[in-house]
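Every number in this note's numbering is 251 more than the matching position in the sequence shown, counting from 1.
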Amino acid sequence: MSVAVLTLLVMFLLSVIAFEKPSLKDALLLQPYRVVQERRYFTLLTSAFVHQDWLHLIFNVVTFYFFAIPLEQSVGSAAFLAIYFGSLLASSLPDVCLAWRDPSFRTLGASGAISGAMFAFILHAPSSTISLFLLPVEIPAPVFALIYLACMGYALRHGLTNLNHRAHLWGALAGVVITILLDPDVLFNFLSDTLN
């Protein structure tokens, strides 16, 4: 079994269990105040394995399936783990830095890590296309990446929705940086494929 599939299964099972056991969800989610005060550093990682509700979980499972699993097939298990969990940490740390004095701030879900996997996949497969759930139109992957960043940036600036847009942005950025550090040629190949 691939590590991406194993990660997906653990995320799904823990999230479903946590729906029935709110104390488990509370123990695993990221609360920056508790990270600092109680040294709950493990929640920088465990927060990606629990979700708010079924809609949150299903959206992340579907996105993970379409980006993270093909990413591992493209880069291998070790590089996938570095990209996925590196993006997760990079998406969690800004929350700790910015919200460590706020006991009410909580965040959970794998969106930051999945954003990193998505952008890493796009770097490796720039000629791929992406179809959105409600639109039957295929969007070139690099164009989708720009739209995604613009939407997340706008939502973050204007405080839209209760999603952690900062985690999405930092995860995406980390995915790009880690991917290039692991394989510097990927940037040249991406630019070559995109500009031709």
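Ideal Cβ placement from N, Cα and C applies to all residues, glycine included.
Endpoints, the alpha helix (DSSP H) within which residue i is located
i, result
"residue 358", "Run containing residue 358: none; DSSP gives neither H nor E here."
"residue 382", "It is not in any alpha helix (DSSP H) - residue 382 instead sits in the beta strand (DSSP E) that spans 380-382."
"residue 283", "283-289"
Cα-Cα separation between residue i and residue j, rounded to whole angstroms
i, j, result
"residue 354", "residue 405", "26 Å"
"residue 441", "residue 378", "9 Å"
"residue 390", "residue 444", "16 Å"
"residue 281", "residue 352", "13 Å"
"residue 372", "residue 314", "12 Å"
"residue 283", "residue 347", "5 Å"
"residue 363", "residue 307", "13 Å"
"residue 249", "residue 331", "It is not possible to answer for residue 249, since the shown part of the chain is limited to 252 through 447."
"residue 336", "residue 361", "10 Å"
"residue 276", "residue 270", "7 Å"
"residue 409", "residue 380", "29 Å"
Nearest-angstrom Cβ-Cβ length linking residue i and residue j, presumed shorter than 8 Å
i, j, result
"residue 318", "residue 365", "7 Å"
"residue 344", "residue 427", "With 8 Å as the limit, residue 344 and residue 427 do not qualify as a contact, their Cβ atoms being about 16 Å apart."
"residue 298", "residue 358", "6 Å"
"residue 400", "residue 339", "That belief does not hold up - the Cβ atoms of residue 400 and residue 339 are roughly 18 Å apart, past 8 Å."
"residue 376", "residue 392", "6 Å"
Closer than 6 Å: residue i CB and nearest the ligand PLP heavy atom
i, result
"residue 358", "Questions concerning the ligand PLP fall outside what the structure shown contains, since it holds no ligand whatsoever."
3 or more residues per run - each beta strand (DSSP E) lying fully within the stretch 295-373: For the stretch 295-373, not a single whole beta strand (DSSP E) run of length 3 or above is found.
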